[in-house]
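Asks:
In the working numbering, the protein residues as written are 578 to 1463.
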C-alpha cells in the first residue's frame, strides 16, 4: 500500500504514523466488530481480511469481534423454546447448512476446533428444553458466536490470527438482587482499563479474534450481553485495551438522519459527538447498540461506523466534540411497539411519596421506564422497548399498580424523536415543523433533560408520514448548507447502471416524450395504460365489490373513458363533475355515479335527484331544511368516524377540525328526518384522508362502520372512500393491497355471516390519486440556472401555476432530468418555477446531473391533482395536457 493510498484511508488521521519509528512502547490497538451480515459470506470475509491487513501495515494490533452468522441467533432462540424433536432437528439442520455453505464458499475444510464445537452444540441442543434455566439458555445461545469465531479464525490464520475466548477477557458486573434472566441474558461488563490483558494479547500476537455477545461471571459461567451485545463486547474490549479506535462494521454506510427505509433521501451523518450518537441510538437509530457508547466515551476512544459492502466509504465518525456546537437537528428517528402507561390520581396533587410508591411497583416487577411526563394529577410513562416481561407477570404488575392509581394502557404506539444539539434553543424554529402533528392524537411529549431530543408518542398509523415530513422540513431543506451531512442513502446506494428493472413507464418512453415536447416548453402527459393497470389491481381485490374513480383527481375525458372501459364507476363532488361524466362517458347510467357534495347549494341536490344519480348527504342541514327533496329516495350518508389519516393536515378529512361528514352522535337525528320522508339509507360512506400508507386504516374504518348498521337496517353498502397512497420516492414500496384485501375480506365475511341470509354488505372504494397519479408527468424546460450562496437553483418554464401540491401540501414529487437520464447525478438543486412567490418550489435539494438551459425536466406522479388544481396566476397559463396511449 502506497503512502498516498494510506493517506486516503478513512482512518488516516489516527496515530501512529506508519513512517515513524514507534520504538519499544505498547502496541496501539484497534478493535473491529463485524455483525451477522458481515461474517456470512466469503466476499465479506475477504473484506475483513483486507481491513485487518491495512491496520497491520499501519502499525496497529487488531482485535476482531464477530457476531453469529446472519439468522443463526434467531434459530437458536427457537431452540430455546419448546420445539418437538422434528422441529429441533430441522432447526439444527438449518444452522448446519448455513455454516457448511460458508465453509464451502471459502474453499476451506471445517477446522478441528469447529467440528468439536459443533458436536458440543448438537449434544446440548438435543437435551429436552423443559425447565431450561436462563443459564442454560445463555450457554445454548452462545454457540452462534462460538461457531462463527472458530470459522473466522481459520479465515484469518494467514495473518497470524489468535482465537481468544471472550469469557477470559470480559467479566460481568454482578448486581445485588439481579434476576437470573437479567444476569445470564442481559448483563453489563467491567470496562476498566486492563494493562495485563493488553500485555497478554501483545505477547501472543498482533491479530486476535473473539466472540461478541459473550462474557462470564465470577464462577466462569457463560453470560450474554443482550441483543446487539456484540457492539457492547467490542466497546468493552476497546475500553479495557485503551484502544486507538473502535470500528463497528455493518451492512449500511453509517448512521443516517432517518431510517433510509422510510426516508430514502436521509443523509449520512459524517460526524457526531458521543452524546448525539448515544441519543440517536437510544431513540431508535438501530445501527449502533446504545450501551456500546459509554465505555469508549469515558476513555475518549473514537468510534467509526463502516460498511462491509462499501469499505471505501468513510462512514460515520463519533468522537468528543465541543458542547458549544451549533444547535441543529441531526436526525428524525422513531421506535415501534411503544407501550404507554398513564397513571391518573387526583389525590397525588401535593402528596409526598406518590411517585416513589408508584415506581416501587415498577422496580418490584423489574420493569424499566423510558420516557416520563407529569402533571398535577397524572404521570405518563413509556416502557423501555428493550424490556421483556411475560404476559402473566405484566398482568400482575398492572393489577398491583391499579391499587394506587387509575391505569390506562396504550399499545402499538411509536415514539418520534428530533435528536440534535441544544434542542431547547431551537423551539421557535421547530414550531413550523411541529405543525405536522396537528389533528393527530399525540399521547405524550417529552424534552430530554440533556437537551438532546424532543420526543412525541403517536399512534403507529401516522408514524412513517410524520417522520418523512419532519425530515423534509428540518433536514432536507437545508442539508446542502451543513458540513456534518454527507451523501444521501440514494446517492450511496445508487447502482452504477441507473436503469432498474422496475423503471416507471416514462423511463421507457423517454424518446416519445421528447418528441411530444419538441416545440413545447411545458405539458402534462398522461399514459393511459398505467391508469388502466392501477384500475385492474383494484378490480382484482376480493373484498371490494365496486370501485369508483374520484374524478376530482383528474377529469380528462380520455382518462374517464379508459377507466370506464375497465368497469369503474365514478364519484363526483360537484354537479359540474356529474354533467362532465355524463358527457364524456355516454354509455354510463346515472345511478353508476355517486355524487358527494359538500356545502353545495340546494339547486345541486335538486338537480341530482332529477338526474337519478346516487346521492351522498354529509350534513344535517339539507335534511332539516330541504327534506322534501329526498322523499322516497335511496341515499348514502357520509359519516365522520373521528379518525383521520393523510400525508398532510390539509388532506385529513375526519375529526372535528374537518368540514366533512356527519358526526356519529348526529346519526339518530338523520335517521329520524329521513324516515319522516320515507327515504331509505342504503349506504354509509366515510373517507379519512389522502395519501394513506397504513394498510390497516381501511380495516379500522370498516370496523367502525359495522356497529352503525343497527341504526340503518336497509344499508347494503359500506363505502370506505379513497386515500390509497402511491410510492412517491424511488424504490419506495407500494402500499400492500394484499394485506388490506385479506383484512377487509375476513371482516366482511364475518359480518355477512352475522347478518344471516337475506342481507349482505358490499364494500366500495372510490380512489382518485391511486388511479391517476402515476399515469401522469409534468414536463418543463429549464429556463435559467442560478447560484446563491450554497443553493443551486434550476428554474422551469412552469411551476406552482401548474402543480401547486408542493406549495400547498408540502407534497413530494420526484424530479428527473429527462435530457440526462444516462448521467450520474452529481449536484443538488432547488427546483423552482417562474411564479412570483417564494413558495414556488417544486423540489428541495434534489440530486440531479448537471442541468443546462433547455434541458427537459420531468416531475413524476403528476397525473392527479395537477392540471385540475392549476391556475393562471401571474397571467401565466398552466401546462397543457397531452395523451400518450401506446
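All residues carry an ideal CB built from backbone N, CA and C; glycine is no exception. Owing to the predicted nature of the structure, the values given are computational and were not obtained by experimental measurement.
Would residue 1452 be called buried (16 or more neighbouring beta carbons within 10 Å of its own) or exposed?
Replies: The sequence position of residue 1452 within the chain shown is 875, counting from 1. Result: exposed.
Asks: Using only CA atoms, which one of 851, 604, 784 lies nearest to residue 820?
Replies: Residue mapping note: residue 820 aligns to position 243 of the chain shown, counting from 1. Of 851, 604, 784, the residue nearest in Cα terms is 604.
Asks: Are any of the Cβ atoms in chain D nearer than 8 Å to that of residue 930?
Replies: The chain inventory of the structure shown lacks chain D, comprising one protein chain alone.
Asks: Taking 8 Å as the cut-off, does the region 658 to 673 touch the region 733 to 752 (at least 3 CB pairs, one atom from each stretch)?
Replies: Taking 8 Å as the limit for Cβ pairs, the verdict is that the region 658 to 673 does not touch the region 733 to 752.
Asks: Exposed or buried, residue 850, counting other C-beta atoms within 10 Å across all chains shown (16 or more means buried)?
Replies: Here residue 850 is taken as the residue at index 273 of the chain shown, counted from 1. Buried, by the Cβ-count rule.
Asks: Would you mind reading off the limits of the beta strand (DSSP E) that contains residue 624?
Replies: For the purposes of this step, residue 624 is identified with residue 47 of the chain shown, where counting begins at 1. Careful: residue 624 lies outside any beta strand (DSSP E), inside the alpha helix (DSSP H) at 619 to 634.
Asks: Does DSSP put residue 650 in a helix, a strand or coil?
Replies: The sequence position of residue 650 within the chain shown is 73, counting from 1. Helix.
Asks: Looking only at C-alpha atoms, which of 797, 1044, 1330, 1264 sits nearest to residue 1012?
Replies: Against the chain shown, residue 1012 aligns to sequence position 435. The shortest Cα separation from residue 1012 among 797, 1044, 1330, 1264 belongs to 1044.
Asks: Grab me the residues of residue 1407's own chain with a C-beta within less than 8 Å of its C-beta, minus the 5 sequence neighbours each way, in chain order.
Replies: Residue numbering aside, residue 1407 sits at position 830 when the chain shown is read from its first letter. For residue 1407, where only same-chain residues beyond five positions count, the Cβ hits under 8 Å are 1368, 1369, 1370, 1371, 1418, 1420, 1421, 1422, 1423.
Asks: Should residue 1166 go down as buried or exposed, given a rule of 16 or more other Cβ atoms within 10 Å for buried?
Replies: Here the question's residue 1166 lines up with position 589 in the chain shown. Under this definition residue 1166 is an exposed residue.
Asks: With burial defined as no fewer than 16 other Cβ atoms inside 10 Å of the residue's Cβ, what is the status of residue 637: buried or exposed?
Replies: By 1-based counting over the chain shown, the position of residue 637 is 60. It counts as buried.
Asks: Distance, Cα to Cα, residue 1457 vs residue 949?
Replies: Taking the chain shown and counting its residues from 1, the one referred to as residue 1457 is at position 880. Taking the chain shown and counting its residues from 1, the one referred to as residue 949 is at position 372. Cα-Cα distance, rounded: 55 Å.
Asks: How should residue 1132 be labelled, buried or exposed, when 16 other C-beta atoms within 10 angstroms of its C-beta is the threshold for buried?
Replies: Counted from its first residue, the chain shown places residue 1132 at position 555. Looking at its Cβ environment, which holds 16 or more other Cβ atoms inside 10 Å, residue 1132 is buried.
Asks: Suppose contacts are defined by Cβ-Cβ distances below 8 Å. Is residue 519 in contact with residue 1362 by that definition?
Replies: In the structure as shown, the chain starts at 578 and stops at 1463, and residue 519 therefore has no counterpart that could be examined.
Asks: Helix, strand or coil for residue 1046 per DSSP?
Replies: The residue labelled residue 1046 in the question sits at position 469 within the chain shown. In the structure shown, residue 1046 sits in a helix (DSSP, three-state: H, G or I).
Asks: Report yes or no: do the region 742 to 750 and the region 786 to 797 share at least 3 C-beta pairs separated by less than 8 Å?
Replies: Yes, the region 742 to 750 is in contact with the region 786 to 797.
Asks: In the region 1255 to 1329, which residue ranges form an unbroken alpha helix (DSSP H) of at least 4 residues, counting only runs that do not cross its ends?
Replies: Entirely contained in the region 1255 to 1329, the alpha helix (DSSP H) runs reaching 4 residues are, in chain order, 1273 to 1282.
Asks: Can residue 1148 and residue 1118 be called in contact, C-beta distance under 8 Å?
Replies: By 1-based counting over the chain shown, the position of residue 1148 is 571. By 1-based counting over the chain shown, the position of residue 1118 is 541. Against a cut-off of 8 Å, the Cβ pair of residue 1118 and residue 1148 comes out as no contact.
Asks: Which residue from 730, 1090, 617, 826 puts its Cα closest to that of residue 689?
Replies: Taking the first residue of the chain shown as position 1, residue 689 is located at position 112. Ranking 730, 1090, 617, 826 by Cα distance to residue 689 puts 730 first.
Asks: Measuring alpha carbon to alpha carbon, tell me which of 1280, 1269, 1317, 1307 ends up nearest residue 1300.
Replies: Reading the chain shown from its first residue, position 723 is the one you call residue 1300. Considering only alpha carbons, the answer is 1269.
Asks: Can you grab the Cα-Cα spacing for the pair residue 1459 / residue 1192, in whole Å?
Replies: Reading the chain shown from its first residue, position 882 is the one you call residue 1459. Reading the chain shown from its first residue, position 615 is the one you call residue 1192. Those two C-alpha atoms are separated by around 33 Å.
Asks: If distances are taken between C-alpha atoms only, which option among 1428, 1393, 1377 comes closest to residue 1409?
Replies: Indexing the chain shown from 1 puts residue 1409 at position 832. Of 1428, 1393, 1377, the residue nearest in Cα terms is 1377.
Asks: So the beta strand (DSSP E) residue 1100 belongs to, where does it begin and stop?
Replies: What you label residue 1100 is simply residue 523 of the chain shown in a count that begins at 1. 1099 to 1104 is the span of the beta strand (DSSP E), which, as asked, contains residue 1100.
Asks: Look at residue 1140 and residue 1112 and say whether their C-beta atoms are less than 8 Å apart.
Replies: Taking the first residue of the chain shown as position 1, residue 1140 is located at position 563. Taking the first residue of the chain shown as position 1, residue 1112 is located at position 535. Yes, they are a contact pair.
Asks: Does DSSP put residue 1217 in a helix, a strand or coil?
Replies: In the chain shown, counting from the first residue as 1, residue 1217 sits at position 640. Strand.
Asks: When burial is assigned at 16 or more other CB atoms within 10 Å of the CB, is residue 1454 buried or exposed?
Replies: Residue 1454 sits at position 877 when you count from the first residue of the chain shown. Counting Cβ neighbours within 10 Å, residue 1454 comes out exposed, since fewer than 16 surround it.
Asks: Can you tell me whether DSSP reads residue 1446 as helix, strand or coil?
Replies: Reading the chain shown from its first residue, position 869 is the one you call residue 1446. In this structure, residue 1446 counts as helix in the three-state DSSP scheme.
Asks: Please work out which residues of its chain come closer than 8 Å, Cβ to Cβ, to residue 946, disregarding the five sequence neighbours upstream and downstream, and give them in chain order.
Replies: Translated into positions along the chain shown, residue 946 becomes position 369. Cβ within range, chain order: 936, 939, 958, 959, 960, 961.
Asks: Check the DSSP bridge columns for residue 814 and list the partner residues they point to.
Replies: Translated into the one-based positions of the chain shown, residue 814 becomes position 237. Residue 814 pairs with nothing; no bridge assigned.
Asks: Have a look at the DSSP bridge pairing and note the partners of residue 990.
Replies: Counting from one through the chain shown, the residue named residue 990 turns up at place 413. According to DSSP, which records beta bridges pairwise, residue 990 is partnered with 915, 1036.
Asks: Given a cut-off of 8 Å, decide if residue 1150 and residue 1211 are closer than it, judged by their beta-carbon atoms.
Replies: Position 634 of the chain shown holds residue 1211. Position 573 of the chain shown holds residue 1150. Taking 8 Å as the Cβ cut-off, residue 1211 and residue 1150 do not qualify as a contacting pair.
Asks: Residue 970 bridges to which residues according to DSSP?
Replies: As a working mapping, residue 970 is identified with position 393 in the chain shown. In the DSSP output, where bridge partners are listed per residue, residue 970 has none listed.
Asks: Would residue 837 pass as a contact of residue 1066 if the rule is Cβ separation under 8 Å?
Replies: Numbered from its first residue, the chain shown carries residue 837 at position 260. Numbered from its first residue, the chain shown carries residue 1066 at position 489. Closer than 8 Å, so yes.
Asks: Does the count of Cβ pairs from the region 1025 to 1036 and the region 795 to 813 closer than 8 Å reach three?
Replies: Result no; under three Cβ-Cβ pairs closer than 8 Å.
Asks: In terms of residues, what are the limits of the alpha helix (DSSP H) holding residue 722?
Replies: As a first step, residue 722 is located in the chain shown; it is residue number 145 there, counting from the start. From DSSP, the alpha helix (DSSP H) with residue 722 extends over 720 to 732.
Asks: Along the chain, where does the alpha helix (DSSP H) that runs through residue 1133 open and close?
Replies: Position 556 of the chain shown, counted from the first residue, corresponds to residue 1133. First-last for residue 1133: undefined, no H or E at that position.
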